[in-house]
Every structure is written in C-alpha cells, then in structure tokens.
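Asks:
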Amino acid sequence: MSDHPDGGVGYLEMWEYNRFVWAWEQAGKIASFLYSAGKINSSGETDIRVDSSSTPGTPLDATWLAADEISGHLHALNSFRDAEHAASDKIGQYHAIELGRCVSTADRRWPMQDKPHHVRFLRCGGCLELTLTYRPPRWDGDDVKVDCGCGYSMDDTQWQRAIKLAEIELKDAA
Ligand SMILES: [Zn+2]
C-alpha cells in the first residue's frame, strides 16, 4: 500500500497524515466556533473599530468562509470509515490534505482560547494606525504575536519592550 520511504499512509506523507488526523478531530469544534465567532463579531461588540476607512475586510466574511470550507471537506470525508481509509483513496486524500490545511490555518488565525484582541495604546509600526492585534500564546511555550493587516508584526521581545515604553510614557504624562 504505502511506498513512502519514511512510512506515510496511503497517498499522504507522514506529516500530512498526522495533521489530517488532528484536523479531523478538531474540525467540528473549530467550524462551529468560527460560525459563532462570525455572529459575535457582527453584533456590534464594543471591540469592533469604528473607523471604516482603513478597515481591511470584515472578520465576519473570513470566518464564515473558513467554516464553510472546513464543513465541505468534513462532509466529503464522511463517506470514509477512518483516516487511513480516506488517505488511501484518490478523492479522500485530496480532502484529507485540504482539511488539514484549512483547520491548521484557521486555528492559527482564530485561536479558540483567549481570543485575540485589538491593541489600543500602541500604533502599528508599519502603517501608524491603531490596528495592532495581540494574539496570546496557545500552549505552554508558544509565542506571543502582535500584528497588523498591513503586514507589520512584533515578536514577544518587541512587545514586552513596547509595553515598558508605554508604561513609562503614561507615568511621565501623569
Ligand atoms: Zn499596520
């Protein structure tokens, strides 16, 4: 069945298979989270920015599209009795790879725990707008990430430094 030198499963490389097994377990949970995230964002929470000029696309559309894409692959994979069966089928392996890709991307963009939030005290270092998003670590040892739709991003070290500077400025202003 498998002709992978490093022992893949069916048509999939080992890493693709592992990602697929993880994604298949997570997919239902993530898809319903994304659908509900869209609803939360559309209801006019205070966290939504008011300025309409520089808003890069609505989060609503992106989460719904991602959820729909995941649901579509899940639906197609329903006809396979398990991950190995799907990985060994020409059509199944396509959905297996795509599901793995969609779920891991969605999980990275919209983590379920500790939702990302907008940073209000610091302007973006790229476009100088108040558009930075803080993304908390998702597991022990994961990195903090702060980024903007313009492509600018900060790592944990830069973030900690920025917080310190902001604290000093606030004290000076008081
Ligand atoms: Zn920016």
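full-length UniProt numbering applies: residue 1 is where the sequence shown begins, and numbers increase by one.
The C-beta atom is built at its ideal place from N, Cα and C for all residues, glycine as well.
My output table needs one value for LEU12: the three-state DSSP class, helix, strand or coil.
Replies: strand
Asks: Look at ALA31 and GLY100 and say whether their C-beta atoms are less than 7 Å apart.
Replies: no
Asks: Of the residues MET112, ASP142 and ASP68, which one's Cα is nearest the Cα of ASP155?
Replies: Distance from the Cα of ASP155 is smallest, within the candidate group MET112, ASP142 and ASP68, for ASP142.
Asks: Output the residues surrounding ligand 1, defined as those with a CB atom closer than 6 Å to any ligand heavy atom, in chain order.
Replies: CYS124, GLY126, CYS127, GLU129, THR131, CYS148, CYS150 and TYR152
Asks: Using DSSP with H/G/I as helix, E/B as strand and the rest coil, what is THR131?
Replies: coil
Asks: Quick one: is ASP147 buried, meaning 16 or more other Cβ sit within 10 Å of its Cβ, or exposed?
Replies: ASP147 should be labelled buried.
Asks: Taking the alpha carbon of ALA66 as the point to measure from, which residue in SER79, GLY92 and SER36 has its own alpha carbon closest?
Replies: SER36
Asks: Might you give, ordered along the chain, the residues of its own chain that have their beta carbon closer than 8 Å to the beta carbon of residue 175, omitting 5 neighbours on each side?
Replies: For residue 175 there is no data in the structure shown, the boundaries of the chain being 1 and 174.
Asks: Quick one: what does DSSP say VAL144 is sitting in, helix, strand or coil?
Replies: coil
Asks: For the putative contact between ARG120 and LEU130, defined by C-beta atoms under 8 Å, what is the C-beta separation to the nearest angstrom?
Replies: 6 Å
Asks: Between ASP89 and the rest of its own chain, which residues show a CB-CB distance below 6 Å, the 5 nearest in sequence each way excluded?
Replies: none
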